[in-house]
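Just so we're aligned, residue 28 is where the sequence shown starts under this note's numbering, counting upward by one. Even glycine gets a Cβ: it sits at the ideal position worked out from N, Cα and C. As the structure is a prediction and not an experimental result, all values here were calculated from the model. Report on the structure given below.
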Amino acid sequence: MLGNFDKRLYQFFILWYGCGVVLLAFDLLPPFLEWANTVFLILAGLLGGVFFMRNYGTVIGSFLAILIIIFTIFIEWIGVQFGLFFGHYYYNPDFGLVLFDVPVTIGFAWLMVIATTHVIAKQITHSQKNVTFQWLSYSLIGSIAAVIMDLILDPVAFIIKEYWIWNGTGLYYGIPFSNFLGWFFLAFTLHTFLFLILHILKRWKTNRDEGWMQRMVILYHLIIFMFVIIAATGQLWLAIAITLSLVGALFYLYKRFKEVTP
């Protein structure tokens, strides 16, 4: 039963994703369907949650998913209220259900980010024998992978879609540099939590579901592809060039270390 639910959820996401790419890329999404963006982010987050549950067990996976959602909403609330971590910004009121000035969907979006980058970073660093070095390399690569995603996500969300508005400015499409530092350190903290929790529970080496691991890698690239398409409609060529170059390098590392998996 659970396997069928997993399959249907993934298929529904792919269908929703395909429709979304077309509607957003060609600016065909009418105002009364703006709620579709909220559904998309929730679906993407749910896929990340299902991965954690399928790979590490229902109890541990649920705990990790809830931890990521609550922690990221809390950090985003601090960011919105005090301008810490990401710079001074506020969310568009049409961006879904808001809790403490932060859309709940942001927690699901972060769940997707951490789940996908967790799989990629874990695969690249799985052969490291020293635990300390493995933690550091895993958390660094996972955080860099998250920032790579943000390099295309933020310009599109800010300039083209106006999902959130910055009060400050920066050299990269007017986005404060503190935003990317905030993404890096938040992702680093969450990946460190994952590493410690899974090691304490002796689940770090657990890879129960290869299919869901592959889906997380696919999801990472699907999200970036969608934002690249939308960025092209807004002629954000620098963001596209930088993002695709870094994604290519990251995917090369992923494939190289996957091929040598014992």
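Nearest Cα to G169 within the set W137, G195, N194: W137. W162: member of the alpha helix (DSSP H) spanning 158-182, first to last residue. At a Cβ-Cβ threshold of 9 Å, A71 and T260 do not count as neighbours. Beta-bridge analysis with DSSP links Y200 to no other residue. Of the residues V274, W62, I251, F222, the one whose Cα lies closest to the Cα of D181 is I251. Between the alpha carbons of F135 and S154 lies a distance of about 30 Å.
Shown here for L91: same chain residues with a beta carbon closer than 6 Å to its own, the five before and five after excluded, namely F79 in chain order. Proximity to T132 across N157, E103, H145, V158 peaks at E103, based on C-alpha coordinates. The way I'd put it, the region 186-194 doesn't touch the region 221-237; fewer than three beta-carbon pairs between them come closer than 8 Å.
Taking a C-beta distance under 9 Å as the contact criterion, T99 and Y247 do not qualify as a contact pair.
In the three-state scheme derived from DSSP, where H, G and I count as helix and E and B as strand, W191 is classed as strand.
The beta carbons of F215 and S166 sit closer together than 9 Å. Of the other Cβ atoms in all chains shown, 16 or more fall within 10 Å of the Cβ of Y37; this residue is therefore buried.
Under the three-state reduction of DSSP output, L126 falls in the strand class.
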